[in-house]
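Trainee:
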Amino acid sequence: MTPDSPLSITYSPAYTLVPTYECFNRCTYCNFRVDPGQDDWLTLTQAEQLLQAIRSQGVIEILILSGEVHPRSARRSAWLERIYALGELALQFGFLPHTNVGPLQYQEMARLRQVNVSMGLMLEQMTPALLKTVHRAAPSKDPAWRLQQLQWAGELRIPFTTGLLLGIGETAADWVETLETIAQVHQQWGHIQEVILQPHSPGTTQSMQGEGFPIAQLVQVVTIARQILPPEITLQIPPNLIPSASQLLDCLTAGARDLGGIGPKDEVNPNYPHPHDAALAYTLQQGGWQLCPRLPIYPQYDAWLPVSLQTAVHQWRDRLPR
Ligand code: SF4
C-alpha cells in the first residue's frame, strides 16, 4: 500500500535535535523550556554523534526544534547559524531536515529554507484573548505575528506545517476562526501541506494547573477541520496524546490521515512517549488502515526546493514503498 492509497495513514520516521531548550517566552502550559542562559546549546560535534548513532535506524526526518532566543538578543544570529548548521549537517548525513524554531524574520526564514525540505510553526489559536492568559508572558505568541510567518512562508515557497493547540482556554468558535485563517492563507499561496490538531496534555513541569484537552472532543475538531480546510491539506493527530485505540480510530474515520513524526522522544510532551511503530501499525489494522512512512515534504512541493534538496528528496522517494 502506498502513502496516497485511500486506506493508508502516514507518519514520518523522525528524530529530534534540540539546539537549545532556553526560551524567552513563558507559555504557562510549556513542558520544554528553561530560562535563557540556563542551557548549553547543542554543539555540532554532539549533533554529529547523535546523527551517527541513528544512521541505520530507519529515520528519514530530522526535526530541528528549539526554544527561542529573543529577536533583539546579541545571541540571536549565533542561534540562527547553529540551527542552519544543524540542518546542513543532517543533510550531509543523508537525512531530510524540517525546522520549527518559533517566529523568524523574513531573512532568517529565507536562510533556513536553503537547508530544510519543509518548515513549521503552530498558529495555535488566532484569538488575542490568550495573550491575557496562557500567553501573557509569551510575546512570540502574538497571533498576528504568527500569521505573518505563514504569509512569508508562502511568499518564499516553503512547504509548511502548522496547527492548532487545543485546550489552552480557547472556545469552539476560536477553532473555527483559526481553521478559516489557515484555509485563507493557503488559498493565497498553496503551501500548507498539513495541519496538526494537538490536544494540550498536562506535563510535570508546566505552571498551568488543571486538566488537558478532553480527548473525546478531538473527533469533533477533526470533523470541523475537515469541513473547513481544503482536501489537499492533510490533518495530523499525535497518537501519543490519544490514550485509547478507539478514539484514535474515530479520529481517522473523521478524516485525520497522518500521525506526525514518530521518534524516540516527543520533546514537547516528554511525559507522553511515542508508541512503537509496530504497535501503532497493529492498532490501525484493527480499523482497516495501514501505517505508511512518508517524507517531511509532500510530493506536490518537491519542485519548490533548491535543486540540491530536490536530489536528496528524490533519493528518499525512490526508497519508499510504491
Ligand atoms: S511553548 Fe514554545 S514558545 Fe512557549 S515557552 Fe515553551 S518553548 Fe517557549
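Sequential numbering from 1 applies to the sequence shown in our numbering.
By construction, the Cβ of each residue, glycine as well, lies at the ideal position given by its N, Cα and C atoms.
#1: Would you check whether the ligand SF4 has a heavy atom nearer than 7 angstroms to the C-beta of GLY67?
#2: When the distance is taken between beta carbons, is ILE64 closer than 8 angstroms to TYR15?
#3: The beta strand (DSSP E) that contains ASP258, what's its start and end?
#4: Return the first residue and the last residue of the alpha helix (DSSP H) that CYS251 is part of.
#5: Tell me, please, which residues DSSP counts as bridged to GLY120.
#6: Let me know the beta strand (DSSP E) ranges lying completely inside the region 154-198, each 3 residues or longer, listed in chain order.
#7: I'd like to know whether the C-beta atoms of ILE242 and VAL176 end up nearer to each other than 8 angstroms.
#8: Sort PRO321, VAL195 and TRP189 by Cα distance to THR178 and report the nearest one.
#9: Quick check on this structure: which residue in GLN206, LEU130 and ALA110 has the alpha carbon closest to the alpha carbon of PRO159?
#10: Determine, using beta-carbon pairs with one atom in the region 35-51 and one in the region 141-158, whether at least three such pairs fall under 8 angstroms.
#11: Could you tell me if ASN271 is buried or exposed, where buried requires 16 or more neighbouring beta carbons within 10 angstroms of its beta carbon?
#12: Return the chain-ordered list of same chain residues with a C-beta closer than 8 angstroms to the C-beta of GLU108, the five sequence neighbours on each side being excluded.
#13: Are the CB atoms of LEU291 and ALA281 nearer to each other than 8 angstroms?
Mentor: Inspection of the coordinates gives the following:
#1: Flag set: Cβ of GLY67 near the ligand SF4.
#2: no
#3: 258-262
#4: 245-253
#5: THR161
#6: 160-166
#7: no
#8: The closest CA to that of THR178, considering only PRO321, VAL195 and TRP189, is found on VAL195.
#9: ALA110
#10: Not touching, per the Cβ criterion.
#11: Under a 10 Å Cβ-count criterion, ASN271 is classified as exposed, with fewer than 16 other Cβ atoms of the shown protein chains found around its own Cβ.
#12: LEU80
#13: Between LEU291 and ALA281, the gap from beta carbon to beta carbon is short of 8 angstroms.
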